[in-house]
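*Asks:* Residue numbers (the working numbering), protein chains in the order written: chain A, 5 to 184; chain B, 5 to 184. Structure below; questions to follow.
There are 2 protein chains.
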Amino acid sequence: VPTDEQKEHDFLWRIHPHAPRLGQITIFNRSHYEDVIMPRVHRTFPAGVVRARYDDINAFEHLLAESSTTVLKFYLHISKEEQARRLRDRLADSTKQWKFAVNDLHERKLWSRYMRAYEKAFSRCSTPEAPWYVVPSNHRWYRNLVVADVLCSTLEKLKLRYPKPALSPAELRRLLREIA
Amino acid sequence: VPTDEQKEHDFLWRIHPHAPRLGQITIFNRSHYEDVIMPRVHRTFPAGVVRARYDDINAFEHLLAESSTTVLKFYLHISKEEQARRLRDRLADSTKQWKFAVNDLHERKLWSRYMRAYEKAFSRCSTPEAPWYVVPSNHRWYRNLVVADVLCSTLEKLKLRYPKPALSPAELRRLLREIA
Numbered sequence: 005v006p007t008d009e010q011k012e013h014d015f016l017w018r019i020h021p022h023a024p025r026l027g028q029i030t031i032f033n034r035s036h037y038e039d040v041i042m043p044r045v046h047r048t049f050p051a052g053v054v055r056a057r058y059d060d061i062n063a064f065e066h067l068l069a070e071s072s073t074t075v076l077k078f079y080l081h082i083s084k085e086e087q088a089r090r091l092r093d094r095l096a097d098s099t100k101q102w103k104f105a106v107n108d109l110h111e112r113k114l115w116s117r118y119m120r121a122y123e124k125a126f127s128r129c130s131t132p133e134a135p136w137y138v139v140p141s142n143h144r145w146y147r148n149l150v151v152a153d154v155l156c157s158t159l160e161k162l163k164l165r166y167p168k169p170a171l172s173p174a175e176l177r178r179l180l181r182e183i184a
Numbered sequence: 005v006p007t008d009e010q011k012e013h014d015f016l017w018r019i020h021p022h023a024p025r026l027g028q029i030t031i032f033n034r035s036h037y038e039d040v041i042m043p044r045v046h047r048t049f050p051a052g053v054v055r056a057r058y059d060d061i062n063a064f065e066h067l068l069a070e071s072s073t074t075v076l077k078f079y080l081h082i083s084k085e086e087q088a089r090r091l092r093d094r095l096a097d098s099t100k101q102w103k104f105a106v107n108d109l110h111e112r113k114l115w116s117r118y119m120r121a122y123e124k125a126f127s128r129c130s131t132p133e134a135p136w137y138v139v140p141s142n143h144r145w146y147r148n149l150v151v152a153d154v155l156c157s158t159l160e161k162l163k164l165r166y167p168k169p170a171l172s173p174a175e176l177r178r179l180l181r182e183i184a
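This is the structure in C-alpha cells:
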C-alpha cells in the first residue's frame, strides 16, 4: 500500500528510484500496473485518469529502454476454476491457512472486471521495447518454462561478455608463474 | 556533476525523486535541461539521442502536471556584452575573485552554440502545462520583477485557502471563552 508521501506524488515517483543500474536486474511485483488495474476494477478514478496513465507508463518504459534497460513484463494467468482450487487448498491445509485473506473472496467476485482491466493494460502498454507476456500458469512447470525461456533468450540476445582483463596475456602468464 | 550511479541510469532518474510532494515547492537549478544543453553544445552524443530526450522531458513534465504539480521554467538571459562586464568585475574585485573559473572563458567562446541549444530546448519543451519564460536579465531588478510576477500570478490562480478548522464556529467560540 502506498505511503501518504507516495500518494502525494505522481504514481511513478515510487517506482522510478528502483529502476536498475546498468548491469543489474530488478524484479518488480505489480508495481506501476497496480495503478491502472485497481482504479479500473474498483472505479476509484474517472476512466480518463487511467487512460492518461497508460501513456505515462509507455513514456516511462521508453525512457528506460532508451538508456539500455531491457523491460520484460509477465502476467501469470490462472483460470477462475484453478483459483477456486487454490483457495480451497489454502483453507483446508493448515500449512497454507496463513496465506488466506477474506478479501481474496471479495476480489474474486470482480473476476471479469479484472480480466477487462488486464486486457486493456496489455493492449495499451505492450510495446516492442517493453512487451507483455501472458503466461498460462495453471501448471507451475509450464509457467516456469515459459518465463525461463523468455529470460534466457533475452539474455542471450544481449551477447554479454566478460570484461577485458586489465593485464595483457603475457603479463597474466608471468603472474601465474610467479604465484606457482 | 552526475555520480557514476546516476550515469548508469536514465537521465531523469536523478531528478524524479526530488519532485515536490503536494503543497511543497522545489527549486531546480538546470536539472534535466543540462542533459539536453551540454550534449548539444559539446556534441558529446549524436543529435538523435538529444532529440529523444526532448520527448522524455515533455512526458515527465506532463506526468508531474497530471498529478497537480505546477511546473514553471525560467531562463535568465544576459547579453554577451553583459557577461563580459560581469566576468571583468569578478576578476577586478577581490571579494568576487573566488567566483571566477577559467572554464567560464572557454564556454564563452561557444556562446552561439549555447544560444542555439537553448532555443531548441525552449521550442521543443515549452508546453502550456510547463511553459518556459525567457527573462531579460541584464538588470537584476527587472529579472526579479518578471519572475516574481509570474510566481505571484501562478500562486493566485491556485486559489489556495486555509484548511477548514477541525472545530465548529460555536466550539471555537466556546474554547476561546474558556482560555480567557
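Glycine included, every Cβ here is placed at the ideal spot set by N, Cα and C.
Closest to A:SER72 by CA distance: which of A:ARG92, A:GLY27 and A:GLU182 is it?
*Replies:* Ranking A:ARG92, A:GLY27 and A:GLU182 by Cα distance to A:SER72 puts A:GLY27 first.
*Asks:* Hey, B:ALA125 and B:VAL40 are a contact pair by Cβ (cut 8 Å); roughly how many whole angstroms apart?
*Replies:* Yes, B:ALA125 and B:VAL40 are in contact; Cβ-Cβ is about 5 Å, under 8 Å.
*Asks:* Does B:ALA184 come out as helix, strand or coil in the three-state DSSP assignment?
*Replies:* Reduced to three states, the DSSP call for B:ALA184 is coil.
*Asks:* Specify, as a first and last residue, the run of the beta strand (DSSP E) that B:LEU80 falls within.
*Replies:* Counting along the chain, the beta strand (DSSP E) containing B:LEU80 begins and ends at 77–81.
*Asks:* Using DSSP's beta-bridge definition, name the partner residues of A:PRO140.
*Replies:* Per DSSP, A:HIS81.
*Asks:* What whole-angstrom Cβ distance do B:GLU133 and B:ALA69 have, given they're in contact under 8 Å?
*Replies:* The pair is a contact, with the Cβ atoms about 4 Å apart (cut-off 8 Å).
*Asks:* Anyone know if the C-beta pair for A:ILE82 and A:SER141 falls short of 8 Å?
*Replies:* In contact: A:ILE82 and A:SER141 (Cβ atoms closer than 8 Å).
*Asks:* What residues in its chain sit with their C-beta under 8 Å from that of B:THR158, if we drop five residues either side in the sequence?
*Replies:* Once the five neighbours on either side are set aside, the close Cβ partners of B:THR158 are THR74 and LEU76.
*Asks:* In chain order, what are the residue ranges of uninterrupted beta strand (DSSP E) at least 3 long that sit wholly in the segment 94–142 of chain B?
*Replies:* For the segment 94–142 of chain B, whole beta strand (DSSP E) runs of length 3 or above, ordered along the chain, are 136–140.
*Asks:* Please classify A:HIS13: does DSSP put it in a helix, a strand, or coil?
*Replies:* Three-state DSSP puts A:HIS13 in coil, outside helix and strand.
*Asks:* Taking CB distances under 8 Å as the criterion, tell me whether A:GLU65 reaches chain B.
*Replies:* Not one chain B Cβ lies under 8 Å of A:GLU65.
*Asks:* At which residues does the alpha helix (DSSP H) containing B:LEU67 begin and terminate?
*Replies:* Taken as a continuous stretch (DSSP letters only), the alpha helix (DSSP H) holding B:LEU67 covers 51–70.
*Asks:* Chain B partners of A:ILE21, CB-CB under 9 Å?
*Replies:* The sequence as given places Pro at residue 21 of chain A; Ile does not occur at that position. The answer, in chain order, is TRP17, HIS20 and PRO21.
*Asks:* Assign B:ARG57 to one of two classes, buried (16 or more other C-beta atoms within 10 Å of its C-beta) or exposed (fewer than that).
*Replies:* Buried is the call here.
*Asks:* I want to see whether chain B comes within less than 8 Å of A:GLU70, judged by CB atoms only; does it?
*Replies:* For A:GLU70, the answer is yes, since a Cβ of chain B falls inside 8 Å of its Cβ.
*Asks:* Going along chain A, which residues have a C-beta under 8 Å from B:HIS110?
*Replies:* Chain A residues near B:HIS110: none, gap ~29 Å exceeds 8 Å.
*Asks:* In chain A, which residues lie less than 8 Å from B:LEU155 when you measure between Cβ atoms?
*Replies:* Correct list: empty, because the minimum Cβ distance to chain A is about 21 Å.
*Asks:* Taking all protein chains shown into account, do 16 or more other C-beta atoms lie within 10 angstroms of the C-beta of A:HIS110, making it buried, or fewer, making it exposed?
*Replies:* The residue is exposed, with fewer than 16 neighbouring Cβ atoms inside 10 Å.
*Asks:* Taking any Cβ of chain E, which residues in the segment 22–44 of chain B have a Cβ under 9 Å from it, in chain order?
*Replies:* Reference to chain E is not applicable here, since the protein chains of this structure are A and B.
*Asks:* For B:PRO19, report the span of its alpha helix (DSSP H) as first-last.
*Replies:* The sequence shown places Ile at residue 19 of chain B, rather than the Pro named in the question. Unbroken run through B:ILE19: none, as it is neither H nor E.
*Asks:* What residues of chain B sit near A:GLU9, judged by a beta carbon separation below 7 Å?
*Replies:* Chain B residues near A:GLU9: ARG25.
*Asks:* Using a Cβ-Cβ cut-off of 8 Å (strictly less than) and excluding sequence neighbours within five positions of A:TYR137, which residues of its own chain qualify?
*Replies:* Hits under 8 Å: LEU76, LYS77, PHE78, TYR79, VAL150, VAL151 and VAL154.
*Asks:* How close, in whole Å, do the beta carbons of A:LEU91 and A:VAL45 come, if the pair is a contact with beta carbons under 8 Å?
*Replies:* That belief does not hold up - the Cβ atoms of A:LEU91 and A:VAL45 are roughly 18 Å apart, past 8 Å.
*Asks:* List the residues of chain B that A:ALA56 touches, going by C-beta distances under 8 Å, in chain order.
*Replies:* Under the 8 Å cutoff, chain B gives GLU70.
*Asks:* Please decide whether A:GLU133 counts as near chain B, where near means a Cβ-Cβ distance under 8 Å.
*Replies:* Judged by the 8 Å Cβ criterion, A:GLU133 is not in contact with chain B.
*Asks:* State the DSSP-derived secondary structure class of A:ARG34, mapped to helix, strand or coil.
*Replies:* A:ARG34 falls in the coil class under three-state DSSP.
*Asks:* Determine the chain A residues that contact B:ASP97 at a beta-carbon separation under 9 Å, and present them in chain order.
*Replies:* The premise fails here: B:ASP97 is roughly 43 Å from chain A at the closest Cβ pair, so nothing lies under 9 Å.
*Asks:* Taking only beta-carbon atoms, is A:HIS81 less than 8 Å away from chain B?
*Replies:* Chain B contact via Cβ: absent.
*Asks:* Within the same chain, show all residues whose beta-carbon is closer than 8 Å to that of A:LEU95, passing over the 5 residues directly before and after it, in chain order.
*Replies:* So the list reads GLN101 and PHE104, once near-sequence residues are dropped.
*Asks:* Tell me, please, whether the CB atom of A:ASP93 is closer than 8 Å to any CB atom in chain B?
*Replies:* A:ASP93 does not count as touching chain B.
*Asks:* Distance cutoff 8 Å, beta carbons only. Does A:GLU12 sit that close to anything in chain B?
*Replies:* So yes, A:GLU12 belongs to the interface.
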